[in-house]
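Notes follow the structure.
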Amino acid sequence: MEEVCARGDSACAVAALTAALHALHLYCVVLAATLHRCCAPSHPPRHRKTASHTWRWQKLRGVTALLLGATWACGTAAAALRAQARVRLAAAVLAPAGWSTAECLHAALWNRRQSAPLLYLFTYWLLSAATSAAALAQHFGVGASVLHFEVYLHIFSLSFTTVLAVIDLLCFYDGNRNQEWESESKVDNESDVLSRTRIWIRERERNQDIKMDRDRMRTGKRNRHRRPDSPDPNPKSKRDDISINQLT
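Quick note: the sequence shown uses the UniProt record's numbering, first residue 1, plus one each step.
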């Protein structure tokens, strides 16, 4: 830390930690997006329809994410006016980049209905809230004025990142619950199909038995009502019996 900040400069240390957080987030998101694009299977449209209402408070999340992006963009503009503070400028520039990559990852997860990586986004928003809280503590520790512009930026950033972290955590649990429900419904559907197949086989066997009984009854009635001197309706079988008797 002393390589980039002077000894005792707590504001520079907080900015350096913030810049390191956003830089690490950029690296992780690019790696995760590459693996997600190459290796993750896409769900069929039927699955998307069944899971369309599993993630809660997405409208609130979208509005909060836009407000957070605007807040961090204002922070970048404010840091650009003081270009001599390079560590703060780097942290302010990396923050909107980290926000944009996080929202792109969230959009990809929304399209594919995958909730497991949302736990990573929850961790990122939580750490961002922690850095904003640390920056606020540093500002109030050195006796900064309440009317200072950066104080409001960190207050808004702390509020918005906390809301995003809570919503992503709820969506993570909703996704796991939806997967459990789908697995249970799949097992129930398979058991229903199996039971229906068994019932269909039993009905078919019973219908075949009824048909065979009816054929036997009809054959017996014909043989009963036939006169002895009437021609045989099946002479071929009679000739076969005569030939067998001659052979014996």
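Just so you know, even glycine gets a beta-carbon here, dropped at the ideal spot from N, CA and C.
Item                                                                                    : Value
Distance CB(Ala85)-CB(Ala79) smaller than 8 Å                                           : yes
Reference Trp99, options Val63, Asp168 and Leu26, closest by Cα                         : Leu26
Between the CA atoms of Ala90 and Glu150 - distance to the nearest angstrom             : 15 Å
As assigned by DSSP and simplified to three states, the class of Leu81                  : coil
Rounded C-alpha distance that separates Arg202 from Lys211                              : 14 Å
Whole-Å CB distance - Leu109 paired with Leu118, under 8 Å assumed                      : 6 Å
Trp57: first and last residue of the uninterrupted alpha helix (DSSP H) it sits in      : Neither: Trp57 is in no alpha helix (DSSP H) and is coded neither H nor E.
8 Å contact criterion, which Phe156 and Thr71 should meet: CB distance rounded          : 5 Å
Three-way DSSP call (helix, strand, coil) for Cys171 in this model                      : helix
Same chain only: Cβ atoms within 8 Å of Asp174, ignoring 5 sequence neighbours per side : Thr54, Trp55, Arg56 and Ser115
CB of Ala135 within 8 Å of CB of Thr162, strictly                                       : no
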